[in-house]
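Colleague:
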Amino acid sequence: LTVPVTYRYPQRIDEVGIDNTADWARRHLQALATNYRRAPFFESCFPAIEALLRRRWERISELNLSLIECVRGMLGIADRPAVRASALSAAAEPTQRLIDICRELGADTYLAGAGAAAYMDAARFAQSGVRLRVQAFEHPVYPQRYEGFTPQLSIVDLIFNCGPESAAVIRAGSRPA
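Going by the working numbering, the sequence shown opens with residue 17, and the numbers climb by one from there.
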């Protein structure tokens with residue numbers, strides 16, 4: 017599912033508007049209902065997503081943040097602090113930015129995805145005293161609505177199919193390399 021945006025390079029993500037001339041939210045809700053209405057946890061999880069998508073959004077970042085908070089609640093991790101990187105004092109250069117964010121938040125370790133080696137300077141992490149750990153995520157198999165298993169779908173697929181057990185499913189696939 018994608019949301020149409022109005023973007024003018026080099027806008028920051030918090031400046032990118034949503035193109036509300038298209039009825040994208042109605043189409044998204046219809047697609048979710050069509051594909052998941054018979055999923056085990058659809059009835060308990062859909063209303064929160066529906067309420068968010070029925071609101072009129074002007075900025076993509078605000079919609080994203082609200083959806084992230086909704087999912088954090090469904091995963092049972094909403095009690096943990098969430099911080100916007102834009103609210104911190106950090107360098108623009110990617111590796112230094114990550115190091116600065118870790119320092120400002122008091123983190124001694126940065127957990128990165130497998131593709132991190134392509135854009136991060138591991139030596140600079142070592143020099144800074146912030147440990148860099150690359151995660152080797154192995155996608156866990158969980159029950160889905162249809163026959164077989166399709167990996168790497170949206171978090172919505174996991175939540176509609178596994179409900180309160182979704183966080184445990186995610187943890188089962190996370191392991192440091």
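C-beta atoms are modelled at their ideal positions from N, C-alpha and C, and glycine is treated no differently. The model shown is predicted, which means the values in this text are computed figures rather than measured ones.
1. Can you look up Leu104 in the DSSP assignment and give me helix, strand or coil?
2. Ala49 to Pro159, Cα distance in whole Å?
3. Relative to the C-alpha of Glu181, which candidate in Cys61, Arg149, Tyr135 and Phe141 has its C-alpha closest?
4. Quick one: what does DSSP say Ile34 is sitting in, helix, strand or coil?
5. Who pairs with Val150 in a beta bridge, going by DSSP?
6. Which same chain residues end up closer than 8 Å to Tyr136 when comparing Cβ atoms and leaving out the 5 residues on each side of it in sequence?
7. Which residues bound the alpha helix (DSSP H) around Gly189?
8. Relative to the C-alpha of Met90, which residue among Arg72, Gln27, Ile65 and Ala101 is closest?
9. Just tell me which of Pro167, Tyr162, Glu120 and Gly145 has its CA closest to the CA of Glu154.
10. How many whole angstroms separate the CB atoms of Arg75 and Ile34, which I take to be in contact at a CB cut-off of 8 Å?
11. Whose C-beta lies closer than 7 Å to the C-beta of Leu45 among residues of the same chain, with five residues either side of it excluded?
12. If you draw a straight line from the C-alpha of Ile93 to the C-alpha of Arg24, how long is it?
13. Considering Cα atoms alone, identify which of Ser105, Ala183 and Ala108 is closest to Val87.
Modeller: The answer reads as follows:
1. coil
2. 18 Å
3. Cys61
4. strand
5. Ala128
6. The sequence given here places Met at residue 136; Tyr does not occur at that position. Around Met136: Pro110, Thr111, Leu114, Ala128 and Leu148.
7. That run of the alpha helix (DSSP H) goes Ser182 to Gly189.
8. Ile65
9. Pro167
10. 7 Å
11. Setting aside the 5 residues that flank it on each side, Leu45 is surrounded in the same chain by Glu66 and Leu69, each with a C-beta closer than 7 Å to its C-beta; the list follows chain order.
12. Rounded to whole angstroms, the separation of the alpha carbons of Arg24 and Ile93 is 34 Å.
13. With distances taken between Cα atoms, Val87 lies closest to Ala183.
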